[in-house]
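> Encoded as structure tokens, here's the structure I'll be asking about.
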């Protein structure tokens, strides 16, 4: 609560300071002559530096030590955002500035700038939080990026197959974009009288591009399927080979269900992260860049408004990934425990039947399944809340885009037909943004499952069998001297002592 009050007081102080600086600089603007744009830019940059310096000097000591870097970054974005925006807009498009010399001159723009700065900082802090480098106490866990690169290294033997798949991926996306452009030309040929003779040729081009996109998509899916199968077989073989090389004590301390779960489920999810997820990720990225280029040609202002969907959805997805990955790991562990109950009952079925303990084993298995069910309910609740928040965000941005488009039409900066085309492309762009954010989170989720697989792959046997010593002659005589033995699960209790 104290931190929120500090931020609120800093915003009010900044507004008052900006107003005072504007009042003091107003008599100096005529020095620049009739070029008020140059005068305003010459005022905005020094004023932003002064505001940032005073906020850092006066309000940083009011928050705790750990929150000061966050407040410093927020103050920089809050103070310099309008200056950067106006400079970039003037360099790219020209025209008068939208920022006034004080908050009183442009209250709406100042309010939007403050909201945008707060949203950008919130997105940054949630998506890229500060790390203190401390260990969480569960051993040396590799980061998602390192895991991802290790998964990629397993695909090196299939690089020719993957290269062919990516070539067909690029061609399929390129033909799909051309078909989308032909759709716009098709609507133009129907709407204008003197262009209706182009309708057959445009329709033929659209059909050819659509057929080419479908053909390359089928080839891409075939190549990726081959890569998935090869990768899964390779990593399963390596994992099985690493498991059977472990000492006997490893199988006493590790449940059979855990090993089977890693071999069956986790290796498949790891292969999915490499092939299918990256397939969708690259395809959506290329389509996003192409559609964004077309939309920028239509209206850069509405395009920037639509692109706000990406940081907002990324913020929601980042929070969602934290909880979803946590519950996914717990679900996988719970499933492994349930499989372990089945393995134990099947291995000791004679003992179970001798003690008439069928109902006991069934109850144990039912309890494990109920644990899985409860965890899945909690995971799906997180998914439902995320879907609701994303739907509300999409509808809000859609209404804001329509309102801004109507304002542009009224000011004669856009025609009605251009707005219709823009809305047509906006839906495709929104779908690509959702796919990019979802697939990126899905890749991270799949790679996090590979963590256990690589833990088993990297594990070294605690009992080495790689000795090279051998006697000159071998005799059938064994002598035991000062021999002790204990199980790895209970090393403090010796079970064998031979003197």
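Numbering (the working numbering), first residue to last: 12 to 510.
Virtual Cβ for every residue (Gly too), placed ideally from N, Cα, C.
Shortest alpha-carbon distance to residue 178 belongs to which of 361, 479, 279 and 294?
That would be 294, whose Cα lies nearest to the Cα of residue 178.
> Taking 8 Å as the threshold, find out whether the region 342 to 354 comes into contact with the region 464 to 480 through three or more Cβ pairs.
They do not touch, by the three-pair rule.
> Report the three-state DSSP secondary structure of residue 490 (helix, strand or coil).
Correct three-state label for residue 490: coil.
> Label residue 66 either buried or exposed according to how many other C-beta atoms from any shown protein chain fall within 10 Å of its C-beta, with 16 as the threshold for buried.
By the 10 Å Cβ count, residue 66 comes out buried.
> If contact is defined by three or more beta carbon pairs under 8 Å, each pair taking one atom from either stretch, is the region 219 to 232 in contact with the region 248 to 257?
No, the region 248 to 257 is not in contact with the region 219 to 232.
> Do residue 258 and residue 499 have their C-beta atoms closer together than 9 Å?
Taking 9 Å as the Cβ cut-off, residue 258 and residue 499 qualify as a contacting pair.
> Just to confirm, are residue 320 and residue 408 a CB contact at a threshold of 9 Å?
Yes, the pair counts as a contact, with Cβ atoms nearer than the cut-off.
> DSSP three-state call for residue 30: helix, strand or coil?
Three-state DSSP puts residue 30 in a helix.
> Just how far apart, CA to CA, sit residue 421 and residue 310?
Whole-angstrom Cα-Cα distance: 15 Å.
> Give me the Cβ distance between residue 343 and residue 272, rounded to the nearest whole Å; I'm assuming they're in contact under 8 Å.
Yes, residue 343 and residue 272 are in contact; Cβ-Cβ is about 7 Å, under 8 Å.
> Just confirm the distance between the C-beta atoms of residue 78 and residue 14, as a whole number of angstroms; I'd bet it's less than 8 Å.
So it is a contact: roughly 6 Å between Cβ atoms.
> Identify every residue that forms a DSSP beta bridge with residue 508.
Residue 508 pairs with 495.
> Here's the rule I'm using: 16 or more other beta-carbon atoms within 10 Å means buried, otherwise exposed. How should residue 503 be labelled?
When all chains shown are included, residue 503 counts as exposed.
> Using C-beta distances below 7 Å, list every residue in its chain close to residue 243, excluding the 5 sequence neighbours before and after it, in chain order.
Excluding positions up to five away in sequence, the list reads 278, 279 and 282.
> Could you check where the alpha helix (DSSP H) with residue 71 kicks off and where it finishes?
Run containing residue 71: none; DSSP gives neither H nor E here.
> Between residue 305 and the rest of its own chain, which residues show a CB-CB distance below 7 Å, the 5 nearest in sequence each way excluded?
Only 436 meet the Cβ criterion.
> Give the DSSP-derived three-state secondary structure of residue 328 in the structure shown.
Three-state result, residue 328: helix.
> Please classify residue 332 as buried or exposed, where buried requires at least 16 neighbouring CB atoms within 10 angstroms.
Buried, because 16 or more other Cβ atoms sit within 10 Å of the Cβ of residue 332.
> Counting C-beta neighbours from all protein chains within 10 Å, is the total for residue 302 16 or more, i.e. buried, or is it exposed?
The residue is buried, with at least 16 neighbouring Cβ atoms inside 10 Å.
> If you draw a straight line from the C-alpha of residue 425 to the C-alpha of residue 171, how long is it?
About 48 Å.
> Run through the region 375 to 443 for me and flag every whole alpha helix (DSSP H) of 4 or more residues, listed as ranges in chain order.
Counting only runs of 4 or more, we get nothing.
> If contacts are defined as beta-carbon pairs under 8 Å, then residue 314 and residue 307 qualify, I think. What distance do you get, rounded to the angstrom?
Their Cβ separation, rounded to whole angstroms, is 5 Å, which keeps residue 314 and residue 307 in contact under 8 Å.
> Would a check of beta-carbon distances place residue 92 closer than 9 Å to chain D?
Included in the structure is just one protein chain, with no chain D present.
> Enumerate in chain order the residues of its own chain whose CB-to-CB distance from residue 386 is below 8 Å, with the five nearest sequence positions on each side excluded.
Cβ within range, chain order: 338, 341, 342 and 345.
> Output needed for residue 268: all residues of its chain with C-beta closer than 6 Å, excluding positions within five of it in sequence on either side, in chain order.
Answer for residue 268: 347, 350, 351 and 354, listed in chain order.
> Can you find the residues in the same chain that come closer than 6 Å, C-beta to C-beta, to residue 58, ignoring five residues on each side of it along the sequence?
Excluding sequence neighbours, residue 58 sits near 32.
> On the CB-based measure, 16 or more other CB atoms within 10 Å of its CB, does residue 467 come out buried or exposed?
Residue 467 comes out buried.
> Judging by CA-CA distance, which residue of 487, 477, 26 and 482 is the nearest neighbour of residue 256?
That would be 477, whose Cα lies nearest to the Cα of residue 256.
> According to the Cβ coordinates, are residue 182 and residue 227 closer than 9 Å?
Their beta carbons are under 9 Å apart, which means residue 182 touches residue 227 by this criterion.
> Check for me: the alpha helix (DSSP H) holding residue 217 runs from which residue to which?
Element bounds for residue 217: 210 to 255.
> Using 10 angstroms around the beta-carbon of residue 94, count the other beta-carbons present and answer buried if the total reaches 16, otherwise exposed.
Buried, by the Cβ-count rule.
> In the structure shown, what three-state DSSP assignment does residue 43 receive?
Annotation note: pLDDT 47 at residue 43 (below 50); position unreliable, coordinate value reported separately. Of the three classes helix, strand and coil, the one that applies to residue 43 here is helix, per DSSP.
> Give the secondary structure of residue 359 by DSSP, where H, G and I count as helix, E and B as strand, and everything else as coil.
DSSP places residue 359 in coil when its eight states are reduced to three.
> Residues in its own chain within less than 7 Å of residue 393 by CB, not counting five upstream and five downstream?
The answer, listed in chain order, is 331, 334, 335 and 338.
> Would the beta-carbon of residue 121 fall within 9 Å of that of residue 54?
No, Cβ-Cβ distance for residue 121 and residue 54 is not below 9 Å.
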